[in-house]
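Enquirer:
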Amino acid sequence: MNIFRLAGDMTHLLSILVLLLKIYATKSCSGISRKTQELYAIVFMARYLDLFTDFISVYNTFMKLIFIASSLAIVWCMRFHPVVRRSYDRELDTFRYFFLVGASFALALVWHDKFTLQEVFWAFSIYLEAVAILPQLVLLQRSGNVDNLTGQYVFFLGAYRAFYILNWIYRYMTEPRFTRWIAGISGVVQTALYADFFYYYFISWKNNSKLKLPA
Amino acid sequence: LNNILYHDEL
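Structure (structure tokens):
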């Protein structure tokens, strides 16, 4: 474990806590894409198939459980919670994400570390996570003004993978034969997708103005 | 376990 990876995991956890706070405090999920939340639930369930077979550390197992449980809880809230579900922007959250799932799985069948069920699903989860934010970014562009907690949620979610890129660079330089091409290349693509959001987030922070993404 | 297939990261 290095400082970059710890910072990445903590930033990821923070993004989830901010999202839970927004939903709990405002009893609303307006501005949140349910499709992105569902994609993340699939990402975590596909990535952590080794949850019960490979014990790495208490920290690793604990965080995997947190990620799976929180993503499922958020999807449940947005679908079934009597108050929260009413504020879901159903007519704005229309990204056809089936293609993202299909393309990611097809790529995982072609490019993986090893052709086993666990490794193909692991690669699938890596590719899917890289594009999982797209429905959320499209929703932000359509929904005009973005509330602070939603903006912070997306910001931390984008920042965590940037920390992971620093972690991979650090490990590549300090550990012999360390390579994570699948995660590394996907991580760069994932972080690049946030580029314009980061730009407008920085502008809104600098001008102390409301975050607004151009349509 | 060799390096690649040991997913020690989240």
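As they're listed, the protein sequences go chains A and B. The first sequence maps to residues 11 to 225 in the numbering used here. The second sequence maps to residues 598 to 607 in the numbering used here. Built from N, CA and C at the ideal position, the CB exists for glycine as well. Note that the structure is predicted; figures quoted are calculated from it, not measured.
Please identify the residue among Val-93/A, Ala-83/A and Tyr-50/A whose C-alpha is closest to the C-alpha of Tyr-107/A.
Expert: Within the first sequence, numbered from 1, the residue matching residue 107/A stands at position 97. With distances taken between CA atoms, Tyr-107/A lies nearest to Tyr-50/A out of Val-93/A, Ala-83/A and Tyr-50/A.
Enquirer: Quick one: does Ile-601/B have its CB under 9 Å from some CB of chain A?
Expert: The residue given as residue 601/B occupies position 4 in the second sequence. The predicted position of Ile-601/B is uncertain, since its pLDDT is 48 and thus under 50; a value taken from the coordinates is nonetheless stated next. Closer than 9 Å: yes.
Enquirer: Considering Lys-220/A, what are the terminal residues of the alpha helix (DSSP H) in which it resides?
Expert: Taking the first sequence and counting its residues from 1, the one referred to as residue 220/A is at position 210. Unbroken run through Lys-220/A: none, as it is neither H nor E.
Enquirer: Using the Cα positions of Ile-26/A and Tyr-163/A, report the straight-line distance between them to the nearest angstrom.
Expert: Locating residue 26/A in the first sequence gives position 16, counting from the first residue. Locating residue 163/A in the first sequence gives position 153, counting from the first residue. The alpha-carbon atoms of Ile-26/A and Tyr-163/A are separated by roughly 7 Å.
Enquirer: Taking just the CA atoms, how far does Tyr-98/A sit from Phe-188/A?
Expert: Within the first sequence, the letter at position 178 stands for residue 188/A. Within the first sequence, the letter at position 88 stands for residue 98/A. Between Phe-188/A and Tyr-98/A, the C-alpha separation is close to 43 Å.
Enquirer: Going by the beta-carbon positions, is the gap between Leu-607/B and His-91/A smaller than 9 Å?
Expert: As a position in the second sequence, residue 607/B is number 10, starting the count at 1. As a position in the first sequence, residue 91/A is number 81, starting the count at 1. No, the pair does not count as a contact, with Cβ atoms beyond the cut-off.
Enquirer: What number of angstroms, rounded off, separates the C-alpha of Asn-218/A from the C-alpha of Asp-206/A?
Expert: Position 208 of the first sequence, counted from the first residue, corresponds to residue 218/A. Position 196 of the first sequence, counted from the first residue, corresponds to residue 206/A. Going by the C-alpha atoms only, they are around 18 Å apart.
Enquirer: For my contact list, Thr-160/A and Lys-32/A are in at a C-beta cut-off of 8 Å; report their separation, rounded to the angstrom.
Expert: For the purposes of this step, residue 160/A is taken as residue 150 along the first sequence, with counting starting at 1. For the purposes of this step, residue 32/A is taken as residue 22 along the first sequence, with counting starting at 1. The pair is a contact, with the Cβ atoms about 6 Å apart (cut-off 8 Å).
Enquirer: Quick check: is the beta carbon of Ile-66/A nearer than 9 Å to any beta carbon in chain B?
Expert: On the first sequence, residue 66/A is found 56 positions in, with the first residue counted as 1. Yes, its Cβ sits closer than 9 Å to a Cβ of chain B.
Enquirer: For the ligand MG, is there any heavy atom lying closer than 8 Å to the beta carbon of Val-111/A?
Expert: As for the ligand MG, it is missing from this structure, which has no ligand bound.
Enquirer: Does the region 66-79 of chain A come into contact with the region 169-181 of chain A, if we say contact requires no fewer than three beta-carbon pairs (one atom in each stretch) closer than 8 Å?
Expert: No: fewer than three Cβ pairs fall under 8 Å.
Enquirer: Tell me the rounded alpha-carbon separation between Val-141/A and Phe-65/A.
Expert: The residue you call residue 141/A lines up with position 131 of the first sequence. The residue you call residue 65/A lines up with position 55 of the first sequence. So the alpha carbons of these two residues sit roughly 28 Å apart.
Enquirer: Going by CA-CA distance only, name the one from Thr-71/A, Val-28/A and Ile-42/A that's closest to Val-156/A.
Expert: One-based indexing of the first sequence puts residue 156/A at position 146. Closest option to Val-156/A, Cα to Cα, is Ile-42/A.
Enquirer: May I have a chain-ordered list of the beta strand (DSSP E) segments no shorter than 3 residues that lie completely inside the region 82-140 of chain A?
Expert: none
Enquirer: Measure from the alpha carbon of Val-198/A to the alpha carbon of each residue in Ser-214/A, Pro-186/A, Ile-179/A and Tyr-210/A, then state which is nearest.
Expert: Counted from its first residue, the first sequence places residue 198/A at position 188. When each option's Cα is compared against that of Val-198/A, the closest is Ile-179/A.
Enquirer: Starting from the C-beta of Val-53/A, find all residues in its chain whose C-beta is less than 7 Å away, skip the five residues before and the five after it, and write them out in chain order.
Expert: Your numbering for residue 53/A matches position 43 in the first sequence. Around Val-53/A, the same chain offers Ser-135, Leu-138, Glu-139 and Ala-142 as residues with beta carbons nearer than 7 Å, after the five sequence neighbours per side are excluded.
Enquirer: Can you find the residues in the same chain that come closer than 6 Å, C-beta to C-beta, to Ser-38/A, ignoring five residues on each side of it along the sequence?
Expert: Here residue 38/A corresponds to residue number 28 of the first sequence, with the count starting at 1. If we look at Ser-38/A and ignore the five residues flanking it on each side, its Cβ neighbours are Ser-97.
Enquirer: Taking Tyr-210/A and Leu-221/A to be in contact with their CB atoms under 8 Å, please state how far apart those CB atoms are, rounded to whole angstroms.
Expert: Numbered from 1 along the first sequence, position 200 holds the residue referred to as residue 210/A. Numbered from 1 along the first sequence, position 211 holds the residue referred to as residue 221/A. Tyr-210/A to Leu-221/A, Cβ: 6 Å. Contact.
Enquirer: Flag this pair as yes or no: are the beta carbons of Phe-14/A and Phe-173/A separated by less than 9 Å?
Expert: Start at 1 with the first residue of the first sequence, and residue 14/A comes out as number 4. Start at 1 with the first residue of the first sequence, and residue 173/A comes out as number 163. Against a cut-off of 9 Å, the Cβ pair of Phe-173/A and Phe-14/A comes out as a contact.
Enquirer: Check distances from the C-beta atoms of the region 12-45 of chain A to those of chain B and list, in chain order, the residues that come in under 9 Å.
Expert: Arg-15, Gly-18, Asp-19 and His-22
Enquirer: Measuring straight from C-alpha to C-alpha, what distance separates Met-55/A and Trp-132/A?
Expert: The count along the first sequence starts at 1 and reaches residue 55/A at position 45. The count along the first sequence starts at 1 and reaches residue 132/A at position 122. Their Cα atoms are separated by approximately 9 Å.
Enquirer: Count the other C-beta atoms from every protein chain shown that fall within 10 angstroms of the C-beta of Leu-598/B, then say buried if there are 16 or more, exposed otherwise.
Expert: Counting from one through the second sequence, the residue named residue 598/B turns up at place 1. Since pLDDT at Leu-598/B reaches only 44, below the 50 mark, its modelled position is unreliable, and the value read off the structure follows with that caveat. Exposed, since its Cβ has fewer than 16 Cβ neighbours within 10 Å.
Enquirer: Check the Cβ-Cβ distances between Arg-100/A and every residue of chain B, and say whether any is below 9 Å.
Expert: Residue 100/A sits at position 90 when you count from the first residue of the first sequence. Not one chain B Cβ lies under 9 Å of Arg-100/A.
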